[in-house]
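Peer 1: Before I ask anything, here is the structure I am working with.
Number of protein chains: 2
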Amino acid sequence: MKVVVAEKCGFCHGVRNAITIAEKVLAQEKDVYSLGPIIHNPDVVKRLAEAGLKTVDRVEEVQSGTVIIRSHGAAPEQIAKLQDKGIHIVDATCVLVKRVQQIAKHLAGDGYRVVIIGDENHPEVQAVMGCATDVAVVGDESDLQNLAKNDRLGVVCQTTQSPEHLRKMLASICSHGFSELKVINTLCKEAVKRQESAVRLCKQVDIMFVLGGVQSANTRKLAELCREVNKQTYHLENWKGLDKNLVLGKNVAGVTAGASTPDWIITEFVKNLEAFDDREG
Amino acid sequence: MKVVVAEKCGFCHGVRNAITIAEKVLAQEKDVYSLGPIIHNPDVVKRLAEAGLKTVDRVEEVQSGTVIIRSHGAAPEQIAKLQDKGIHIVDATCVLVKRVQQIAKHLAGDGYRVVIIGDENHPEVQAVMGCATDVAVVGDESDLQNLAKNDRLGVVCQTTQSPEHLRKMLASICSHGFSELKVINTLCKEAVKRQESAVRLCKQVDIMFVLGGVQSANTRKLAELCREVNKQTYHLENWKGLDKNLVLGKNVAGVTAGASTPDWIITEFVKNLEAFDDREG
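Going down the list, the protein sequences come from chains A and B. All letters in the first sequence, in the order written, are residues 1 to 281 by the numbering used here. All letters in the second sequence, in the order written, are residues 282 to 562 by the numbering used here.
What follows is the structure in structure tokens.
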């Protein structure tokens with residue numbers, strides 16, 4: 001079948017950087033840990049695990065060696081605990097995520113109640129939450145009840161949200177009320193470009209595939225946005241995850257991929273899909 | 282007919298203060314000017330004119346004596362010109378309007394492009410415009426084209442706008458794009474209470490009257506909000522302006538009044554309307 005790949009998709013600078021750092025550290029040192037999966041892609045995490053990277057959930061699990069701070073960052077409290085233990089820390093936090101952390105800290109320092117528009121279960125958001133004391137995470141309108149109507153609000157956004165969601169949530173915050181509102185647009189421009197590119201493509205195809213880890217926030221956002229435009233949108237980790245019945249009778253497929261999806265997964269998927277013959281299905 | 286007066290209406294603190302100041306100055310001094318109508322109510326302006334207050338449009342028209350800065354304020358440039366002439370200045374600017382001016386000045390000092398949500402022809406907005414160099418006045422969505430999509434925007438609002446309009450415009454600004462957005466809620470809480478009270482009342486009556494000067498921004502906003510809920514809404518200056526045919530066949534009338542409408546205009550209107558008999562109409 002005919003397969004069209006989105007103009008912008010796959011590895012972003014932050015993810016590429018985290019992987020390069022991990023490979024470099026693994027080549028030089030033994031006893032290397034990542035605090036949580038280094039990026040949200042099981043295939044890449046598996047490959048790095050085979051090269052020796054041990055993924056742990058909690059600081060308490062590490063007694064010695066080197067800890068890589070993953071692309072999503074870590075809370076200052078976690079980093080302090082590692083430092084107290086004398087553990088070697090290598091920071092692979094995405095620069096844009098680092099920026100959100102610093103902005104949250106400054107906003108809190110200036111007396112704002114910090115509001116993060118994002119998913120409170122996502123590690124990026126949890127790390128930002130750790131950078132300020134008075135923080136509210138706002139996932140949707142129902143979370144606004146936690147904000148006083150006369151608060152001085154300092155708002156940042158999880159980097160992988162969409163401009164449309166940011167706009168919608170800010171409009172709701174404005175409706176809810178505030179005395180002062182300071183918003184720093186912390187959306188990742190690369191993520192936004194990928195979203196735009198994916199939405200453009202999915203309008204032109206019979207079926208749309210979004211490749212990436214199921215935990216990957218930016219991949220999930222891509223799938224969510226595409227699904228609003230094209231109901232035939234499927235979020236898969238890789239070629240193995242494809243139910244071949246889905247493509248039966250379809251002529252043109254679109255493919256995009258999250259910022260943590262490596263090129264080889266995209267290439268493999270596209271090659272196999274192009275070669276796919278209905279009669280085999 | 283039955284007449285119900287809105288719980289909150291008529292003179293606000295800023296207007297009352299401006300009139301008290303004018304009366305005091307007129308009792309003590311000759312040659313007293315107001316730079317523009319001291320408040321937006323022709324009846325009050327007429328009464329003060331009879332007591333000696335001369336209303337001028339431009340600083341250039343005053344050569345000596347005392348100038349009262351009206352409730353809507355004046356631009357720093359105008360005040361400087363008066364000072365240069367050695368003219369005695371008495372400031373009757375509403376404290377909330379003064380606050381908008383100071384905030385605009387601070388925002389500009391902090392490098393923000395100042396955005397005023399309001400009517401560019403209104404003296405309050407024009408005075409605020411004079412407090413910063415890089416200012417955009419945004420009346421509706423079409424004015425957003427003057428803003429760059431990556432600006433650092435410092436937003437204030439004309440005090441007499443409605444929360445709903447502020448919310449709508451902020452949502453549009455968010456859609457338009459920005460790198461940083463700082464919004465100070467400069468709405469007058471008294472004006473908002475009057476709006477809420479008027480809208481509540483106009484839902485319960487057959488016909489709604491909004492009393493106040495046709496130039497009065499807060500009165501016009503009251504009329505606009507009531508008209509959205511009750512098409513039978515009429516903005517009048519006083520009893521003389523009423524077309525009696527409007528009330529024929531109506532049972533209950535609601536009355537509200539702008540912040541610059543004196544009590545005697547409201548009382549006269551209500552008394553006459555209560556006494557009004559369809560047979561006279």
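Positions of the beta carbon are idealized from the N, C-alpha and C atoms, including for glycine. Model, not experiment: these values are computed from the prediction.
Less than 7 Å between the C-beta atoms of Leu331 of chain A and Ala136 of chain A, yes or no?
Peer 2: As displayed, chain A neither begins before 1 nor continues past 281, which places residue 331 of chain A out of reach and without an answer.
Peer 1: Which of helix, strand or coil does DSSP assign to Arg152 of chain A?
Peer 2: In the structure shown, Arg152 of chain A sits in a strand (DSSP, three-state: E or B).
Peer 1: Tell me the rounded alpha-carbon separation between Val551 of chain B and Asn511 of chain B.
Peer 2: Cα to Cα, the separation comes out at about 19 Å.
Peer 1: Using beta carbons (cut-off 7 Å, strictly below), is Gly562 of chain B in contact with chain A?
Peer 2: Summary for Gly562 of chain B: the model assigns pLDDT 48, below 50, so the residue's position carries little reliability, and this model does not support an answer.
Peer 1: Against chain B, which members of the region 115-144 of chain A pass a CB distance test of less than 9 Å?
Peer 2: If the cut-off is 9 Å between Cβ atoms, the region 115-144 of chain A has nothing near chain B.
Peer 1: Could you tell me the boundaries of the alpha helix (DSSP H) in which Lys81 of chain A lies?
Peer 2: Looking at the DSSP string, the run of the alpha helix (DSSP H) that includes Lys81 of chain A is 76-84.
Peer 1: Is the region 284-295 of chain B touching the region 442-457 of chain B, taking contact as three or more C-beta pairs under 8 Å?
Peer 2: Verdict: no, contact absent.
Peer 1: Between Glu228 of chain A and chain B, is any beta-carbon pair separated by less than 7 Å?
Peer 2: With 7 Å as the cut-off, Glu228 of chain A does not count as an interface residue toward chain B.
Peer 1: Roughly how many angstroms lie between the CA atoms of Thr467 of chain B and Thr500 of chain B, to the nearest whole one?
Peer 2: C-alpha separation (whole angstroms): 18 Å.
Peer 1: Quick one: residues in its chain with C-beta nearer than 6 Å to the C-beta of Arg297 of chain B, no 5 flanking neighbours on either side, listed in chain order?
Peer 2: The answer is none, since no qualifying residue turns up.
Peer 1: Is there a C-beta anywhere in chain A that falls below 7 Å from the one on Val464 of chain B?
Peer 2: So yes, Val464 of chain B belongs to the interface.
Peer 1: Report yes if the C-beta distance between Ala356 of chain B and Gly411 of chain B is below 7 Å; otherwise report no.
Peer 2: Result yes, Cβ atoms of Ala356 of chain B and Gly411 of chain B sit closer than 7 Å.
Peer 1: With DSSP as the reference, identify every bridge partner of Phe490 of chain B, one or two as the case may be.
Peer 2: In the DSSP output, where bridge partners are listed per residue, Phe490 of chain B has B:Tyr515, B:Val536.
Peer 1: Among A:Gly118, A:Gln126, A:Val156, which has the Cα closest to the Cα of Ser142 of chain A?
Peer 2: Out of A:Gly118, A:Gln126, A:Val156, A:Gly118 has the C-alpha closest to the C-alpha of Ser142 of chain A.
Peer 1: Tell me the DSSP secondary structure of Leu35 of chain A in three-state form.
Peer 2: Three-state result, Leu35 of chain A: strand.
Peer 1: Could you say which of B:Ser352, B:Gly333, B:Leu482 lies nearest to Val376 of chain B if we only look at CA atoms?
Peer 2: Of B:Ser352, B:Gly333, B:Leu482, the residue nearest in Cα terms is B:Ser352.
Peer 1: In chain B, what lies closer than 8 Å to Glu180 of chain A by C-beta?
Peer 2: In chain order: Lys463, Val464, Ile465, Asn466.
Peer 1: Return the chain-ordered list of same chain residues with a C-beta closer than 7 Å to the C-beta of Asp372 of chain B, the five sequence neighbours on each side being excluded.
Peer 2: Same-chain partners within the cutoff: Ile350.
Peer 1: Residues of chain B with CB closer than 8 Å to the CB of Leu166 of chain A, please, in chain order.
Peer 2: What Leu166 of chain A touches in chain B: Cys455.
Peer 1: Sort B:Val495, B:Cys438, B:Asp421 by Cα distance to Ala540 of chain B and report the nearest one.
Peer 2: Ala540 of chain B has its Cα closest to that of B:Val495, out of B:Val495, B:Cys438, B:Asp421.
Peer 1: What's the call for Gly212 of chain A, buried or exposed, on a 16-neighbour Cβ count within 10 Å?
Peer 2: Buried, because 16 or more other Cβ atoms sit within 10 Å of the Cβ of Gly212 of chain A.
Peer 1: Could you tell me which residues DSSP pairs with Arg113 of chain A in its beta bridges?
Peer 2: A:Leu153.
Peer 1: Under 9 Å, CB to CB, which of the residues in the region 89-110 of chain A have a partner in chain B?
Peer 2: Per Cβ criterion, the list is empty.
Peer 1: Shortest alpha-carbon distance to Lys149 of chain A belongs to which of A:Arg113, A:Arg167, A:Val56?
Peer 2: The option with the nearest alpha carbon to Lys149 of chain A is A:Arg113.
Peer 1: Which residue comes first and which comes last in the beta strand (DSSP E) that contains Lys182 of chain A?
Peer 2: Here the beta strand (DSSP E) through Lys182 of chain A covers 180-184.
Peer 1: How should Asp263 of chain A be labelled, buried or exposed, when 16 other C-beta atoms within 10 angstroms of its C-beta is the threshold for buried?
Peer 2: Its Cβ having fewer than 16 others within 10 Å, Asp263 of chain A is exposed.
Peer 1: For chain A, find out if any of its Cβ atoms is closer than 7 Å to the Cβ of Cys429 of chain B; answer yes or no.
Peer 2: Reading the sequence as shown, one finds Ala at residue 429 of chain B and not Cys. No, because no Cβ of chain A sits closer than 7 Å to the Cβ of Ala429 of chain B.
Peer 1: Shorter than 7 Å from the beta carbon of Leu170 of chain A to some beta carbon of chain B?
Peer 2: Chain B, which has a Cβ nearer than 7 Å to the Cβ of Leu170 of chain A, makes this yes.
Peer 1: I need the boundaries of the alpha helix (DSSP H) containing Thr219 of chain A, first residue and last residue.
Peer 2: Where Thr219 of chain A is concerned, the enclosing alpha helix (DSSP H) stretches over 217-229.
Peer 1: Can you give me the C-alpha to C-alpha distance between Leu144 of chain A and Leu527 of chain B, rounded to a whole angstrom?
Peer 2: Spanning the two alpha carbons is a distance of roughly 44 Å.
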